[in-house]
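Student: A single structure is presented below for examination.
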Amino acid sequence: MNVIAVACTAVLGLLLFGLGLAVSVMRFRVTTGSGCAEDPTNALHKIVRAHGNTAEYVPFLAVLFLYFGAHQPSGAILSLIVAATVCRCLLVIGLLAWPTMSKPNPARFVGALGTYLCGAALCIRLFV
């Protein structure tokens, strides 16, 4: 198994479970058992969206990473794996570090676009 693929999978796992814990802690602090305000500046709303978005993409990326990691990935594939991991982290930063989610920001844009492009490239590589 390729160590880079495993490390990137671990980073994504830590991101997913770390955000899940952060949602639980934030819910406890603001005494909100479920749901959240639809306010794009609300901290709970932002962290719930960051966790939800991460939960949508990370599982399939992890499957791709581990598949390629088990099959002697090329340098290009490893570059895509690292780039996808960085993009997922950038997206979370873009959702949490900016004051509002109602306006685009560079980290969020690059993170989202990079996720789509790297994920699609890895999927296409399964066929080729």
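At position 22 of the sequence shown (counting the first as 1) the number is 910 in our numbering, and the numbers step up by one without a gap. Here a beta-carbon is modelled for each residue, glycine too, at the ideal position from N, C-alpha and C. Predicted model only: the values in this text are computed from it and were never measured.
1) For the alpha helix (DSSP H) holding Asn941, just list the boundary residues, first then last.
2) Output needed for Thr929: all residues of its chain with C-beta closer than 7 angstroms, excluding positions within five of it in sequence on either side, in chain order.
3) Looking at the unbroken alpha helix (DSSP H) that takes in Gly923, where does it start and where does it end?
4) What distance in whole Å lies between the Cβ atoms of Gly999 and Leu949, which are believed to be in contact at a cut-off of 8 angstroms?
5) I'd like to know whether the C-beta atoms of Val974 and Gly1002 end up nearer to each other than 9 angstroms.
6) Report yes if the C-beta distance between Val899 and Cys977 is below 9 angstroms; otherwise report no.
7) May I ask you to report which of helix, strand or coil DSSP gives Met1058?
8) Tell me the start and end of each unbroken beta strand (DSSP E) in the region 982 to 1012 that is at least 3 residues and wholly inside, in chain order.
9) Would you call the region 935 to 943 and the region 907 to 920 in contact, with 3 or more CB pairs under 8 angstroms?
10) Excluding five sequence neighbours on each side, which residues of the same chain lie with their C-beta closer than 7 angstroms to the C-beta of Arg996?
11) Taking Cβ positions, are Val951 and Leu903 nearer each other than 9 angstroms?
12) Quick one: is Pro961 buried, meaning 16 or more other Cβ sit within 10 Å of its Cβ, or exposed?
13) Work out the CA separation of Ser990 and Arg915 for me, nearest whole Å.
Tutor: With the structure as the only source:
1) 931 to 957
2) Pro987, Thr988
3) Per DSSP, Gly923 belongs to no alpha helix (DSSP H) and is neither H nor E.
4) About 13 angstroms; that fails the 8 angstroms criterion.
5) yes
6) yes
7) This structure cannot settle anything about residue 1058, because the visible part of the chain is limited to 889 through 1016.
8) none
9) yes
10) Leu979, Gly982, Leu983
11) no
12) buried
13) 22 angstroms
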